[in-house]
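Numbering (the UniProt record's numbering), first residue to last: 1 to 182.
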């Protein structure tokens with residue numbers, strides 16, 4: 001399983017070892033407001049871990065725990081998965097972050113690293129993300145990543161705003177971030 005590093009984070013595949021931190025994250029009503037609309041129960045968190053472990057075994061990618069290097073704490077989670085959780089769906093990127101870490105650039109930092117993984121390691125030709133339209137903060141992360149709004153679609157039992165990025169979009173955004181393509 002793949003561990004990803006950023007300047008401030010270690011992204012490690014979700015396992016039972018992350019249960020307490022993940023449940024604290026998923027049990028926060030503000031964090032879950034745009035995801036499920038309600039806090040997770042311990043059973044919900046365990047079902048997520050079980051599903052994620054199956055996807056890591058099947059696909060070789062899924063959800064990571066965001067571990068803050070400075071504290072060693074789980075401060076978020078994010079994924080590269082298939083939209084709708086079905087192999088035929090396009091690759092989707094997603095994230096959630098602990099409330100006390102909002103507006104500090106962690107979501108963008110993790111999203112950039114996960115996008116790099118999708119395009120470099122998985123050789124993705126496209127990456128999408130979905131959000132509740134009112135979730136403007138996630139929309140800003142998608143914009144910073146280089147994604148483009150493509151419309152409203154029905155996923156995960158909701159009408160969601162979809163954003164896409166092609167390999168060319170990713171290369172252009174990466175060039176702007178680092179000044180040159182590596």
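Heads up, the beta-carbon is just placed ideally off N, CA and C, and yes, glycines get one too. Note that the structure is a prediction, hence the values are computed from the model and not measured.
Item to check | Inter-residue CB distance, residue 13 and residue 56 (contact presumed, cutoff 8 Å) | outcome: Position 13 of the chain shown, counted from the start, is the residue given in the question as residue 13. Position 56 of the chain shown, counted from the start, is the residue given in the question as residue 56. Confirmed, Cβ separation roughly 5 Å.
Item to check | Three-state class that DSSP yields for residue 92 in the structure shown | outcome: Translated into positions along the chain shown, residue 92 becomes position 92. Residue 92: strand per DSSP, three-state reduction.
Checklist entry - Are the C-beta of residue 137 and some C-beta of chain C separated by less than 8 Å? => result Chain labels in this structure do not include chain C; a single protein chain is all it has.
Item to check | Per-residue burial, residue 140 [other beta carbons within 10 Å of its own, 16 or more giving buried] | outcome: Taking the first residue of the chain shown as position 1, residue 140 is located at position 140. Label assigned to residue 140: exposed.
Item to check | Identity of the residue in 123, 109, 157, 176 nearest residue 131 by Cα | outcome: Within the chain shown, the letter at position 131 stands for residue 131. Among 123, 109, 157, 176, the Cα nearest to that of residue 131 is on 157.
Item to check | Those residues which DSSP pairs with residue 160 across a bridge | outcome: Working through the chain shown from its first residue, we reach residue 160 at position 160. Looking at the DSSP assignment, residue 160 forms a beta bridge with 153.
Next on the checklist: For a quick check, are the C-beta atoms of residue 153 and residue 145 less than 8 Å apart?
Outcome noted: In the chain shown, counting from the first residue as 1, residue 153 sits at position 153. In the chain shown, counting from the first residue as 1, residue 145 sits at position 145. Going by C-beta atoms, residue 153 is not nearer than 8 Å to residue 145.
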